[in-house]
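Worksheet: the structure to be examined is printed underneath.
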Ligand code: BMA
């Protein structure tokens, strides 16, 4: 008898959960029923506000982000604060990605030549404009000293007890010093550390980074992630970070989305934002699918991600992606915006960030993700900009003020 009741109770619970998860809720409806909190117990109020305000965006729109936007563009590289996004649309992006690769080497510039001192200023500028900053880190292997793309050594010897553990800790200390020194005026008038999205150890389901599949086992990856978060929050007491997890779409099995996505997942106590790096469905050179098949897969990947995030009380975002060299003039409205607009799940994605516009003169190649003036995709990018669902700087709500 008792067992039957327990079973029935369980069944009712499961059905309630399934129902709750079968339709997404808009930001305000969700708030009434309560939204989960960020993982950092003592998170700073402004970072907590960012988390809740991003939740509020669900179903309404998404922040548009661009990597290295203020440091250089295809045709310029200077300290003028230009941005290819602004040169084309007249407005700055809502989210700015920066990469910390070579901070661990104590270099003055990151792996793409961006001076860290200027990066810091540009991060503050983004905050002052009401925008958001997301940090990734193509970290040199702390033990071997070879690049992020090293695939001989993995994470095993960096974990506690490992030969190079102290070198990993030293790198994390450099990170903590870098972000803790980034003080801004908070909404309550106090001076304090700037809220940030931290997206470490990205694309780990690929086999191209030392923390990825192959050099690093799944369990070691989880431990690396957990150590990183525990060290930064407990030892270094950083309370201004939201943590984003970002597997690469090209290595996801779309028929087993959940299990494939969760490869290496460190657990709900260690992640705030479920991300995806998606170049694969957006016209990747090695993908032989038709544009129609791509669109279907893109929508499936965003929708699958949003469902997982809803079940876990997390945010969902396209943490990185785009179309390298932007060879389709309708890319932004036809691929990106149509993908986001496709259904009530895809519309839960709260930001989409494209990669960097490499400077042609410096890198001697074409490698860019947003149009520059005169580019054939510029008109479409302006149409994308003007759509009410796409948020650039001028459209930003007060993200750091408690809702
Ligand atoms: C890659 C490329 C590289 C760059 C690296 C880190 O995707 O853009 O040229 O060095 O990211 O930013």
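Numbering (my numbering), first residue to last: 2 to 404. For every residue, glycine included, the Cβ atom is placed at its ideal position computed from N, Cα and C.
Span of the alpha helix (DSSP H), counted from its first residue to its last, around residue i
i	result
residue 122	117-129
residue 284	Careful: residue 284 lies outside any alpha helix (DSSP H) and carries neither H nor E.
residue 149	Here residue 149 belongs to no alpha helix (DSSP H), and DSSP marks it neither H nor E.
residue 382	379-387
residue 368	Looking at the DSSP string, residue 368 is not in any alpha helix (DSSP H), and its letter there is neither H nor E.
residue 340	339-342
residue 143	Per DSSP, residue 143 belongs to no alpha helix (DSSP H) and is neither H nor E.
residue 57	46-58
Extent of the continuous beta strand (DSSP E) run through residue i
i	result
residue 90	Looking at the DSSP string, residue 90 is not in any beta strand (DSSP E); the run it does join, the alpha helix (DSSP H), is 85-90.
residue 347	Premise fails: residue 347 is in no beta strand (DSSP E) and is neither H nor E.
residue 278	274-279
residue 67	63-68
residue 133	133-137
residue 233	First-last for residue 233: undefined, no H or E at that position.
Sheet register partners of residue i (DSSP bridge)
i	result
residue 194	184
residue 74	Its beta-bridge partners do not exist; DSSP assigns none.
residue 353	65 and 319
residue 245	274
residue 217	214
residue 94	393
Residue i - DSSP class collapsed to helix/strand/coil
i	result
residue 99	strand
residue 261	helix
residue 300	helix
residue 256	helix
residue 28	Note that residue 28 has pLDDT 47, beneath the 50 cutoff, so the model's placement of it is unreliable and no number is given.
residue 392	strand
residue 201	coil
residue 110	strand
residue 33	Bear in mind that a pLDDT of 42 at residue 33, under 50, signals an unreliable position, so the number given afterwards is only what the model happens to contain. If DSSP states are grouped into helix, strand and coil, residue 33 belongs with the helices.
residue 4	Only weak support exists for where residue 4 lies, its pLDDT of 36 falling under 50; the value from the coordinates is given anyway. Note: residue 4 maps to helix in three-state DSSP.
residue 308	helix
residue 401	coil
residue 376	coil
residue 224	helix
residue 1	Because the chain in this structure spans residues 2 to 404, residue 1 falls outside the shown range and cannot be described.
residue 104	helix
residue 328	coil
residue 169	helix
residue 79	coil
residue 334	helix
Cβ-heavy atom distance, residue i to the ligand FMN, below 7 Å
i	result
residue 139	In the structure shown, the ligand FMN is absent; the only ligands present are the ligand BMA.
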